[in-house]
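Below is one structure, written out as structure tokens, with a few remarks after it.
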Amino acid sequence: MYKYFISLIISLLIINFSSAKTKKNFIPNASQQTVNECLTCHFDNEDGNGEPAHLFKKDIHFNKGITCAGCHGGDPTKDDMDEAMDKNKGYIGVPSKAERYKVCIKCHSDSKKMKSFGSNIPTDQFEKLKGSIHFTKSINASTPIADCITCHSVHNIASVKDPRSTVYPTKIPKLCKSCHSNASFM
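If you're matching positions, the sequence shown starts at 14 in my numbering and goes up one per residue.
Next up, the structure:
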């Protein structure tokens, strides 16, 4: 009996290993990411759980294997700050409010890129936002009233199916109320 049990376990491991290697669009999980020295430095210099590096460890993008450089540019494999944050390597740092939605749409408007990360979410969401009142310029500013981050947050983004998500269905009324009940904003 023991011999059959061991054979079964070995067979299951072989099947599991070979299916993971041949799976089309296999996406590494966070433990299989490339080096991300950004997190090493930021983690050491942050106070705690509300800080970007701490939040990003719980982010869906982190869990899909996307490094900080996926949004901020630069070279996450360098432990020297000047090399990591080299503008010649595409480092943009924290994008301005006028530019930050562009960081999101470079992937989220490209169905091929999204599929490469194992995602089948619609890639027309920016087109819908762009045509809505939320993306028009506010009276006192030259930036849109709302953009991707306004609703989805940043560094701790979760799938819409995850109860932690700011856009989880039962959280939508509270999310809308955060702007629509503010008399000075509306």
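For every residue, glycine included, the Cβ atom is placed at its ideal position computed from N, Cα and C.
Return the Cβ separation of His-165 and Val-180 in integer angstroms, given the expectation that the two are a contact with Cβ distance under 8 Å.
-> Rounded, the Cβ-Cβ distance is 6 Å, consistent with contact.
Taking just the CA atoms, how far does Pro-89 sit from Asn-38?
-> Note on Asn-38: pLDDT 36, under 50, position unreliable in the model; the coordinate value appears next. The straight-line gap from Cα to Cα measures roughly 23 Å.
CA-to-CA distance, Thr-136 to Ser-124, given in whole angstroms | If I take the Cα positions, the gap works out to 6 Å.
Tell me the DSSP bridge mates of Pro-157?
-> Lys-150.
Which residues mark the beginning and the end of the alpha helix (DSSP H) in which Phe-139 is found?
-> Its alpha helix (DSSP H) spans residues 138 to 143.
Excluding the five sequence neighbours on either side, which residues of its own chain have a C-beta within less than 6 Å of the C-beta of Asn-195, listed in chain order?
-> Residues of the same chain with their beta carbon placed closer than 6 Å to that of Asn-195 are lacking, with the five preceding and five following residues left out of the count.
Around the Cβ of His-121, are there at least 16 other Cβ atoms within 10 angstroms (buried) or fewer (exposed)?
-> Buried, because 16 or more other Cβ atoms sit within 10 Å of the Cβ of His-121.
How is the alpha helix (DSSP H) around Arg-113 delimited, first residue to last?
-> For Arg-113, the uninterrupted alpha helix (DSSP H) run begins and ends at 113 to 121, by DSSP.
For Asn-76, the first and last residue of its enclosing alpha helix (DSSP H) | Start and end: 73 to 76.
Comparing alpha-carbon positions, which option in Asn-76, Ser-109, Lys-77, Phe-56 lies nearest His-208?
-> An answer regarding residue 208 cannot be provided, because it is not within the stretch 14 to 199 covered by the chain.
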